[in-house]
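Q: I am attaching a structure below and will ask some questions about it afterwards.
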Amino acid sequence: LYGECLGGALYWNDFLPMAKKAGFLDPRLVTSRPIEVENEAMRDKLGQARFFSATYRLFKLDGLEPACEDYGQAVVYRGGVAEQPQAFELDGHHVIERGRAFPVCGNSWRMLAETRFAPFFDFIGDFATHYGITDGCGASAALPFNETAPAQGTTAKSSCC
């Protein structure tokens, strides 16, 4: 399993508390896809275990809250990030079109306003009025990964490493 990049795999629900303990209080899943185990003998040994390749965006910022809190804020992406000229993807749930106001929670606002991304955005609102938890926010899904993305094989010729 180790040679196929699966033996050292970290369980996602162990990763999140580790990231938070290290000061990255609101890990954001950017992309994920299943890893297909193509070796039949290995699949048999794994049983029901599933593997995903996941990319997270982590910010170590003062003031991040444990949940997505609504302060009535929004951002407007002005463009300028070379790899993302028409829309900026903060994470898998925040794809911000250029020129269009996009409502954000307080954490997302800070992730943009207090980082290298600030020059590419206009910021609307402040933290003066708290409206509660942002609608649709939370870790309600048992598995946060995209199970419908094309699988990535783990054969020797297409290793995940």
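With the UniProt record's numbering, letter number 33 in the sequence shown gets 33, and the count goes up by one each step, no holes.
Don't be surprised by glycine CBs; every beta carbon is placed ideally from N, CA and C.
In chain order, what residues of the same chain have a beta carbon less than 8 Å from the beta carbon of Ile124, not counting five sequence neighbours either side?
A: Excluding positions up to five away in sequence, the list reads Gln73, Ala74, Val75, Val76 and Ala101.
Q: Which residue or residues does DSSP assign as beta-bridge partners of Pro66?
A: Answer by DSSP bridge pairing: none, since Pro66 is not bridged.
Q: Would you call the CB atoms of Pro27 and Leu10 closer than 7 Å?
A: In this structure, Leu10 does not lie closer than 7 Å to Pro27 by Cβ.
Q: Would the segment 98-112 count as touching the segment 59-67 if we require 3 or more Cβ pairs under 8 Å?
A: Touching, yes, given that three or more Cβ pairs across the two stretches are closer than 8 Å.
Q: Among the residues of its own chain, which have a CB less than 7 Å from the CB of Glu69, if the five just before and after it don't count?
A: Cβ neighbours of Glu69 beyond the five flanking positions: Cys105, Gly106, His130, Ile133 and Thr134.
Q: Short of 6 Å in beta carbon distance, which residues of its chain neighbour Asp122, apart from the five on each side in sequence? Order them along the chain.
A: Cβ neighbours of Asp122 beyond the five flanking positions: Val76.
Q: Have a look at Leu25, Met18, His94 and Val30 and flag the residue whose alpha-carbon is nearest the alpha-carbon of Ala136.
A: The sequence shown places Gly at residue 136, rather than the Ala named in the question. When each option's Cα is compared against that of Gly136, the closest is His94.
Q: Only counting runs of 3 or more residues, tell me where the beta strand (DSSP E) segments fall wholly within the segment 70-138, in order along the chain.
A: Entirely contained in the segment 70-138, the beta strand (DSSP E) runs reaching 3 residues are, in chain order, 73-77, 87-91, 94-97, 101-104 and 121-124.
Q: Give me the Cα-Cα distance between Phe127 and Phe24, rounded to the nearest whole angstrom.
A: The alpha-carbon atoms of Phe127 and Phe24 are separated by roughly 21 Å.
Q: When the Cα of Ala19 is compared with those of Gly92, Arg57 and Gly80, which residue comes out closest?
A: Among Gly92, Arg57 and Gly80, the Cα nearest to that of Ala19 belongs to Arg57.
Q: Taking the straight line between their C-alpha atoms, what separation do you get for Phe120 and Met111?
A: If you take the alpha carbons of Phe120 and Met111, they lie about 12 Å apart.
Q: When the Cα atoms are used, what is the spatial distance from Ala49 to Asp14?
A: So the alpha carbons of these two residues sit roughly 16 Å apart.
Q: Using the beta-carbon count (16 or more within 10 Å), is Ala41 buried or exposed?
A: With fewer than 16 Cβ atoms within 10 Å of its Cβ, Ala41 is classed as exposed.
Q: Using DSSP's beta-bridge definition, name the partner residues of Thr55.
A: Answer by DSSP bridge pairing, in chain order: Thr31.
Q: Mapping DSSP to helix, strand and coil, what is Glu40?
A: Glu40 falls in the helix class under three-state DSSP.
Q: Report the three-state DSSP secondary structure of residue 166 (helix, strand or coil).
A: No information on residue 166 is available, as it lies outside the stretch 1 to 161 that the chain covers here.
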